[in-house]
Amino acid sequence: MKSGVSGATLPLAVLCVIGLATCSAKKNDEPQRMFNSKDSRDGQFPYAVFQLRKSGRMYYSCTAAIINETWVLTAAHCLRQGSNPNHNLFVAGRANMREYIAQRFRNMSINDDIDEERFRVQERRAAAYYIHPQHNNRGSHDIGLVRLNRPFVMNDRVNSVPLTNRPFDRTMNCTGVGYGLTEDNVRRYHLQYVDNMPAKPARLCRFQRFRDVICLADRTRGICQGDSGGPLVCDGSVRGAASHGISTSTNCGSGVVEQYYSDAHRNMEWINSVMTKEKDSKSKKAKKKH
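The sequence shown begins at 1 in UniProt numbering and counts up one residue at a time.
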């Protein structure tokens with residue numbers, strides 16, 4: 001796919017299933033955006049992470065969420081099975097990543113480390129990543145975990161957000177965030193947010209067959225390509241990761257029917273099992289050294 005957008009025709013309606021990852025060539029990429037959103041400021045959403053993955057000459061951008069110092073939560077389709085973990089970057093600390101991106105694309109190898117102090121960011125790489133074993137390209141279980149090569153240093157601009165411990169309730173106050181473009185089509189790499197998002201559980205979604213999703217009821221604002229993996233935070237905890245949408249148009253913000261997040265609570269058993277296994281594995285290695 002050249003633009004990170006996939007099309008599909010559903011029975012009885014002409015609808016497009018739109019994946020939300022942005023893929024781009026090194027110097028020439030198609031604009032993608034979050035629509036009818038607001039600019040955030042540094043530290044407003046300290047858990048939001050800009051995610052960049054290199055594959056060949058292409059860069060794929062997504063959004064992720066810090067759930068503790070060494071782990072981030074993202075969408076499964078933002079990760080690629082078998083790819084080099086070192087080619088997956090996770091950058092926190094700034095709402096506006098434009099200066100960072102310009103430097104990263106300007107004669108820098110993906111293996112080079114950025115000057116974090118100069119750009120006022122914290123850049124980490126994947127040490128290991130995990131894709132939900134039941135994930136498929138139709139949008140089921142579109143959730144992934146990444147263990148970082150070194151911990152984020154927590155401060156007023158970089159911090160974690162807790163994972164949910166209870167089922168989704170449509171009365172919750174929800175906010176979605178993502179790194180993408182605004183409606184002016186200018187490539188800004190500025191973290192956008194949409195607050196007071198009217199979300200619904202899977203049983204109330206019109207076109208969704210999967211149980212592990214949360215859908216957005218607002219057709220006038222929301223998530224688009226490039227916002228994949230971005231967290232839906234409701235009442236202070238992560239409820240889901242941005243997954244995909246259904247639209248009558250491939251243009252973001254036009255003809256929106258429904259938008260979907262993978263439900264973190266319905267995938268919590270897998271999330272906990274991955275993190276527990278990693279923790280146990282580290283403990284065993286530490287004991288062997290002694």
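For glycine and all other residues, C-beta sits at the position ideal for the given N, C-alpha and C.
Bear in mind the structure is a predicted one, so any value in this text is a computation, not a measurement.
Please go through the same chain and pick out, in chain order, the residues whose beta-carbon is closer than 8 Å to the beta-carbon of residue i, but skip the five residues on each side of it.
{"i": "residue 267", "result": "132, 141, 143 and 212"}
{"i": "residue 279", "result": "none"}
Tell me which residues share the same chain as residue i and place their Cβ nearer than 7 Å to its Cβ, disregarding the 5 neighbours each side in the sequence.
{"i": "residue 270", "result": "132"}
{"i": "residue 42", "result": "94, 95 and 157"}
{"i": "residue 229", "result": "51, 62, 63, 64, 74, 75, 78, 241 and 242"}
{"i": "residue 134", "result": "140 and 141"}
{"i": "residue 164", "result": "237, 238, 239, 264 and 265"}
{"i": "residue 82", "result": "none"}
Assuming residue i and residue j form a contact by the criterion Cβ under 8 Å, report the distance between their Cβ atoms to the nearest whole angstrom.
{"i": "residue 67", "j": "residue 161", "result": "7 Å"}
{"i": "residue 265", "j": "residue 119", "result": "Actually they are not in contact, since the Cβ atoms of residue 265 and residue 119 sit about 35 Å apart, beyond 8 Å."}
{"i": "residue 227", "j": "residue 74", "result": "Their Cβ separation, rounded to whole angstroms, is 11 Å, which puts residue 227 and residue 74 out of contact at 8 Å."}
{"i": "residue 148", "j": "residue 127", "result": "6 Å"}
{"i": "residue 92", "j": "residue 122", "result": "5 Å"}
{"i": "residue 214", "j": "residue 261", "result": "5 Å"}
{"i": "residue 125", "j": "residue 155", "result": "No, residue 125 and residue 155 are not in contact; Cβ-Cβ is about 20 Å, not under 8 Å."}
{"i": "residue 189", "j": "residue 101", "result": "5 Å"}
{"i": "residue 37", "j": "residue 194", "result": "5 Å"}
If you drop the 5 nearest sequence neighbours on each side, which residues of the same chain put their C-beta closer than 6 Å to that of residue i?
{"i": "residue 231", "result": "65 and 238"}
{"i": "residue 48", "result": "177 and 191"}
{"i": "residue 46", "result": "157, 158 and 159"}
Between residue i and residue j, what straight-line distance do the alpha-carbon atoms span, to the nearest angstrom?
{"i": "residue 199", "j": "residue 70", "result": "29 Å"}
{"i": "residue 78", "j": "residue 88", "result": "10 Å"}
{"i": "residue 114", "j": "residue 129", "result": "22 Å"}
{"i": "residue 196", "j": "residue 235", "result": "11 Å"}
{"i": "residue 360", "j": "residue 50", "result": "There is no way to answer for residue 360, as the model of the chain reaches only from 1 to 290."}
{"i": "residue 171", "j": "residue 201", "result": "11 Å"}
{"i": "residue 55", "j": "residue 275", "result": "26 Å"}
{"i": "residue 166", "j": "residue 263", "result": "11 Å"}
{"i": "residue 175", "j": "residue 105", "result": "30 Å"}
{"i": "residue 277", "j": "residue 116", "result": "31 Å"}
{"i": "residue 27", "j": "residue 203", "result": "Confidence is the limiting factor: at residue 27 the pLDDT is only 34, short of 50, which leaves the residue's position unreliable, though a coordinate-based value still follows. So the two alpha carbons sit approximately 43 Å from each other."}
{"i": "residue 210", "j": "residue 80", "result": "22 Å"}
{"i": "residue 318", "j": "residue 138", "result": "Since the first residue of the chain shown is 1 and the last is 290, residue 318 is not available in this structure."}
{"i": "residue 57", "j": "residue 108", "result": "13 Å"}
{"i": "residue 233", "j": "residue 216", "result": "13 Å"}
{"i": "residue 90", "j": "residue 173", "result": "27 Å"}
{"i": "residue 103", "j": "residue 244", "result": "30 Å"}
{"i": "residue 272", "j": "residue 136", "result": "21 Å"}
Measure from the alpha carbon of residue i to the alpha carbon of each residue in the options, then state which is nearest.
{"i": "residue 206", "options": "236, 258, 240 and 174", "result": "258"}
{"i": "residue 84", "options": "112, 166 and 53", "result": "53"}
{"i": "residue 150", "options": "173, 108 and 72", "result": "72"}
Taking 7 Å as the cut-off, is the C-beta of residue i nearer than that to any heavy atom in the ligand GTP?
{"i": "residue 175", "result": "Because no ligand of any kind appears in the structure shown, any question about the ligand GTP cannot be addressed here."}
Could you confirm whether any beta carbon from chain D is found closer than 8 Å to the beta carbon of residue i?
{"i": "residue 154", "result": "Protein chains in the displayed structure number just one, and chain D is not present."}
- Just list the alpha helix (DSSP H) runs in the region 74-151, keeping only unbroken ones of 4 residues or longer that don't cross its boundaries, in chain order. 98-105 and 116-119
- What residue ranges within the region 48-74 form continuous beta strand (DSSP E) runs of no fewer than 3 residues, ordered along the chain? 48-55, 58-68 and 71-74
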